[in-house]
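Novice: One structure coming up, written as structure tokens, with questions to follow.
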Amino acid sequence: MKNPHDIILRPVLTEKGYDGIADKQYVFEVAIKANKIEIKEALEAIFKDIKVARVNTLRTMGKIKRQGRTFGRTPEVKKAYVQLTEDSKPIEFFEGMY
8 MKNPHDIILR PVLTEKGYDG IADKQYVFEV AIKANKIEIK EALEAIFKDI KVARVNTLRT
68 MGKIKRQGRT FGRTPEVKKA YVQLTEDSKP IEFFEGMY
């Protein structure tokens, strides 16, 4: 198994992300090549007391940016929207943020 910290890169802390915390839905930025099963197992390994009900993923392509005549692209990002089960404890990292 891969290292869980290589799969889960960081939490996404936005207004939309904060709205889901009360319903036990969290948003994380994950590795591009990670699948839903790996994301679920990595989260349950990092945060010991949680049970993941479902994982939805979203990939966004990098935007084209320009600096004078030079064109470039911002990095591609993959996000995971994670819903915990009803009887699962909330993630302690997000306590008090909503």
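So for the sequence shown, this note's numbering puts the first residue at 8; every next one is plus one. For glycine and all other residues, C-beta sits at the position ideal for the given N, C-alpha and C.
(1) With three or more beta-carbon pairs closer than 8 Å as the criterion, would you say the stretch 86-98 touches the stretch 24-32?
(2) Please state whether the Cβ-Cβ distance between Val59 and Leu50 is less than 8 Å.
(3) If contacts are defined as beta-carbon pairs under 8 Å, then Ile46 and Val62 qualify, I think. What distance do you get, rounded to the angstrom?
(4) For Glu36, report the span of its alpha helix (DSSP H) as first-last.
(5) For Phe35, is the classification buried or exposed, using 16 other Cβ atoms within 10 angstroms of its Cβ as the cut-off for buried?
(6) Less than 7 Å between C-beta atoms, sequence neighbours within five positions excluded: which residues of the same chain meet that for Ile98?
Specialist: The answer reads as follows:
(1) Under the three-pair Cβ rule at 8 Å, the stretch 86-98 counts as touching the stretch 24-32.
(2) The beta carbons of Val59 and Leu50 sit closer together than 8 Å.
(3) The distance from the Cβ of Ile46 to that of Val62 is about 5 Å, consistent with a contact at the 8 Å cut-off.
(4) For Glu36, no alpha helix (DSSP H) segment is defined; the enclosing uninterrupted segment is the beta strand (DSSP E) at Gln32 to Val37.
(5) Under this definition Phe35 is a buried residue.
(6) Within its own chain, the residues whose Cβ lies closer than 7 Å to the Cβ of Ile98, once the five positions on either side in sequence are excluded, are Tyr33, Phe54 and Ile57, listed in chain order.
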